[in-house]
Amino acid sequence: MSTTASQALAALRAASEALAACDFQPLTRAELLAVMDEFEVLTCRLPAQSHRMLVQLQADGTPQELGAKSWNALLRIRWRLSTAEAGRRLAETADLGPRRSLTGEPLQPALAAVAAAQAAGLINGGHVDVLRDVIDRLPGFVDTTTREQFEIDLVRIATGVGPKELKDTAELRLFLLDQDGPVPEDAERERKRGVTIGKQGRDAMTPASANLTPEATAVFEVLFAKFAAPGMCNPADDEPCISGTPTQAQIDNDHRTPAQRRHDALIAIGRIALMSGELGQLNGLPVSVIIRTTLQDLESRAGIGVTGGGTKVPIRDVIRMAAHANHHLAVFDKATGSALALFRARRTASRAQRIMLIAREGGCTKPGCTVGAYGSEVHHAAADWAHGGNTNVDEMALACGPDNRMVHRDGGYTTTINGRGEVEWQPPPWLDHGQQRINYLHRPELLLRPVDGTGTDHAHGGTGMRGP
């Protein structure tokens, strides 16, 4: 650490400790409020320094050189941040941090007025969030000069009001500005397009929303006209009508709402696509739904199954789904977690091995990684193939592509398989702060197992087979 930076941080730490030692009780309310005012200003100014440091870190190299697959992953691992918080810091740095041209000349931040106000402590994090959001939503037809003035005006307003008042004013100005513009062009529609799938709730339902282009709307309106018509694809019918024309009785007995009919139509369309065999492959397997469950849950018809994407499916639905398409059901013993073992003297895993790994692991096994099984690759966890590793299902695991490439390389991770068949990831020294070695995000139920007689803390890893 440079002398100047280390001295500045030492002074900052000393000032923080001195403040912590202060007794605020003797202060009058006016004096205490004055102290809190100054403390608030200093707190608002600190993120500007974080932006400067993060910009410099990114300029000095790549996250892969530090043992992480991305800058988001580096921030998450090093400072134990959530994915969302790491992403927020990176995005805010991109907007408010200093920049340089291709020739090395210093440039103003992308949002120069917002950055200046933050550095001066005139606005807080709530203001910054509102400003970044509304400026990002400016229509594409707005020229640079108007954008800059729009930003300056809102920053001036932000210095005198709270985030709620700022947001209301910003939304009004954005609305008025948009009314003066031309009809949205193709580029603007493309920018706004999207489908969002939310998180599964406690009732097992998952919210979804969409902003469709005219082309997408045209595709779905004809599909819904066919499959969401009254009497079509009704799960309440003994034999739902999927093709052809429903009978009058099926139409008369259809009491679903239009939204429910469209929902059931999407299921039918998805089943048809999955059964067609025309979807190609996903990570070496034909595109299909893979569900993990236990023999005990199947026999009792209670409990849940879990898909390769992490969706929880009630057993009743699992059994019904098995009758419709080329889904794969992997069954494990609830007590031991044992599954079918397949062994092959080949570098690549067989189709059956991939299915069992998807079902067993649930997703990427690197701690903190949220990539599901459908987005993961097969990884030689006990020993790499190039170093004598075997392509056996009990020596392999799942890892997403970026994490898989970070293993067994200089400055990267190493992996082991412990005595309970769990994959442990050992980070490089500069990313090791005692974090857990096992990823339980995809299998949280494993944390409920009783501790074994060795007293090993399985959340942080134990002994096992070590890769090179």
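The sequence shown maps to residues 1 to 468 in full-length UniProt numbering.
C-beta atoms are modelled at their ideal positions from N, C-alpha and C, and glycine is treated no differently.
The structure presented is a predicted model; accordingly, all values stated were derived computationally and were not measured.
- Query: Mapping DSSP to helix, strand and coil, what is Q260?
  - Reply: Counting from one through the sequence shown, the residue named residue 260 turns up at place 260. DSSP places Q260 in helix when its eight states are reduced to three.
- Complete beta strand (DSSP E) runs within the stretch 239-312 (minimum length 3 residues, chain order): Qualifying beta strand (DSSP E) stretches, in chain order: 290-294 and 304-307.
- Message: Quick test of the definition: if touching needs 3 or more C-beta pairs under 8 Å, does the stretch 271-278 touch the stretch 255-262?
- Response: Inter-segment contact for the stretch 271-278 and the stretch 255-262 is absent: fewer than three beta-carbon pairs are separated by less than 8 Å.
- Message: For L32 and G121, what's the separation of their Cα atoms in angstroms?
- Response: Looking up residue 32 in the sequence shown gives position 32. Looking up residue 121 in the sequence shown gives position 121. If you take the alpha carbons of L32 and G121, they lie about 19 Å apart.
- If you compare alpha carbons, which of V371, G401 and G125 is closest to H380? Numbered from 1 along the sequence shown, position 380 holds the residue referred to as residue 380. Out of V371, G401 and G125, G401 has the C-alpha closest to the C-alpha of H380.
- Query: So, A158 versus L131, is the Cβ gap smaller than 8 Å?
  - Reply: Counting from one through the sequence shown, the residue named residue 158 turns up at place 158. Counting from one through the sequence shown, the residue named residue 131 turns up at place 131. Yes, these two residues count as a Cβ contact at 8 Å.
- Taking the alpha-carbon positions, what's the A5 to L12 distance? As a working mapping, residue 5 is identified with position 5 in the sequence shown. As a working mapping, residue 12 is identified with position 12 in the sequence shown. Rounded to the nearest angstrom, the two C-alpha atoms are 10 Å apart.
- Message: Taking 8 Å as the cut-off, does the stretch 149-158 touch the stretch 168-178 (at least 3 CB pairs, one atom from each stretch)?
- Response: Yes, since at least three Cβ pairs between the stretch 168-178 and the stretch 149-158 fall closer than 8 Å, the two stretches touch.
- With a cut-off of 8 Å, do at least 3 Cβ pairs link the stretch 100-116 to the stretch 21-38? With a cut-off of 8 Å, the stretch 21-38 and the stretch 100-116 do not count as touching, because too few Cβ pairs lie within range.
- Query: Would a C-beta distance cut-off of 8 Å place L96 and A115 closer than the cut-off?
  - Reply: Residue numbering aside, residue 96 sits at position 96 when the sequence shown is read from its first letter. Residue numbering aside, residue 115 sits at position 115 when the sequence shown is read from its first letter. For L96 and A115, yes; Cβs fall inside 8 Å.
- What does DSSP give as the partner residues of R100 in its beta bridges? Translated into positions along the sequence shown, residue 100 becomes position 100. DSSP, once it has assigned bridges, lists P106 as partnering R100.
- Helix, strand or coil: how does DSSP classify W430 here? Within the sequence shown, the letter at position 430 stands for residue 430. Here W430 sits in helix by DSSP.
- Nearest neighbour of Y374, chosen from D297, P428, L212 and L282 [CA to CA]: Position 374 of the sequence shown holds residue 374. The residue from D297, P428, L212 and L282 with its alpha-carbon nearest to that of Y374 is L282.
- Give a yes or no on whether the C-beta atoms belonging to G284 and D254 are separated by under 8 Å. Taking the sequence shown and counting its residues from 1, one reaches residue 284 at position 284. Taking the sequence shown and counting its residues from 1, one reaches residue 254 at position 254. No, they are not a contact pair.
- Task: Using beta-carbon positions only, say whether E361 and A397 come within less than 8 Å of one another.
- Result: Position 361 of the sequence shown holds residue 361. Position 397 of the sequence shown holds residue 397. With respect to the 8 Å criterion, E361 and A397 are classified as neighbours on the basis of their beta carbons.
- Message: Helix, strand or coil, according to DSSP, for S376 in the structure here?
- Response: On the sequence shown, position 376 is the one that residue 376 refers to. DSSP places S376 in strand when its eight states are reduced to three.
- Query: Looking only at its own chain, which residues have a Cβ that is under 7 Å from the Cβ of V371, when we skip the five neighbours before and after it?
  - Reply: Against the sequence shown, residue 371 aligns to sequence position 371. The answer, listed in chain order, is G363, C364 and C400.
- Query: Whose C-alpha, out of A236, V378, I242 and T213, is nearest the C-alpha of A225?
  - Reply: Sequence index remark: in the sequence shown, residue 225 carries index 225 (1-based). Checked all of A236, V378, I242 and T213; the closest Cα to A225 is I242.
- Would you kindly work out how many angstroms separate the C-alpha atoms of R466 and T416, rounded to a whole number? Residue 466 sits at position 466 when you count from the first residue of the sequence shown. Residue 416 sits at position 416 when you count from the first residue of the sequence shown. Bear in mind that the predicted position of R466 carries a pLDDT of just 33, short of 50, making it too unreliable to give a figure here.
- Message: For V195, which residues in the same chain have their Cβ closer than 6 Å to its Cβ, ignoring the five residues on either side in sequence?
- Response: Position 195 of the sequence shown, counted from the start, is the residue given in the question as residue 195. If we look at V195 and ignore the five residues flanking it on each side, its Cβ neighbours are A210.
- Item | Identity of the residues DSSP links to residue 539 by a beta bridge | Limits of the chain in this structure are 1 at one end and 468 at the other, which puts residue 539 out of reach.
- Query: Among residues of its own chain, excluding the 5 on either side of T213, which ones have a beta-carbon nearer than 8 Å to its beta-carbon?
  - Reply: Residue numbering aside, residue 213 sits at position 213 when the sequence shown is read from its first letter. The answer, listed in chain order, is R189, E190 and R193.
- Ends of the alpha helix (DSSP H) at T43? Along the sequence shown, one-based indexing puts residue 43 at 43. That run of the alpha helix (DSSP H) goes R29 to A59.
- Query: So who's on the other strand from N124, going by DSSP bridges?
  - Reply: Position 124 of the sequence shown, counting from 1, holds the residue named residue 124. DSSP lists no partner for N124.
- Look at Q200 and K312 and say whether their C-beta atoms are less than 8 Å apart. Taking the first residue of the sequence shown as 1, we reach residue 200 at position 200. Taking the first residue of the sequence shown as 1, we reach residue 312 at position 312. Less than 8 Å divides the Cβ of Q200 from the Cβ of K312.
- Item | Residues near D168 in its chain [Cβ-Cβ closer than 8 Å; skip 5 each side] | Along the sequence shown, read from residue 1 onward, the residue named residue 168 stands at position 168. Within the same chain, D168 has no close Cβ partners at all.
- Local conformation of L340 per DSSP, three classes: Your numbering for residue 340 matches position 340 in the sequence shown. Unreliable placement is indicated for L340, whose pLDDT of 36 sits below 50; the coordinate value is still reported in the next sentence. Collapsing the DSSP output to three states places L340 in coil.
- Under the three-state reduction of DSSP, which class applies to S209: helix, strand or coil? The residue you call residue 209 lines up with position 209 of the sequence shown. Per DSSP, reduced to three states, the secondary structure at S209 is strand.
- Item | T62 versus R45, N418, M406 and Q435, residue with shortest Cα-Cα distance | Start at 1 with the first residue of the sequence shown, and residue 62 comes out as number 62. Out of R45, N418, M406 and Q435, M406 has the C-alpha closest to the C-alpha of T62.
- Opening and closing residue of the alpha helix (DSSP H) in which V114 lies: For this step, residue 114 is matched to residue 114 along the sequence shown. First-last of the alpha helix (DSSP H) with V114: A112 to A119.
- Could you check how far apart the C-beta atoms of R76 and G368 are, in whole angstroms? I think they sit under 8 Å. Here the question's residue 76 lines up with position 76 in the sequence shown. Here the question's residue 368 lines up with position 368 in the sequence shown. About 6 Å; that satisfies the 8 Å criterion.
- Taking the C-alpha atoms as reference points, what is the distance between V41 and A73? To locate residue 41, count along the sequence shown from 1; it is residue 41. To locate residue 73, count along the sequence shown from 1; it is residue 73. Across the structure, V41 and A73 are spaced so that their CA atoms are roughly 30 Å apart.
- In terms of DSSP beta bridges, what is G194 paired with? Numbered from 1 along the sequence shown, position 194 holds the residue referred to as residue 194. The partner list for G194 (beta bridge, DSSP) reads N211.
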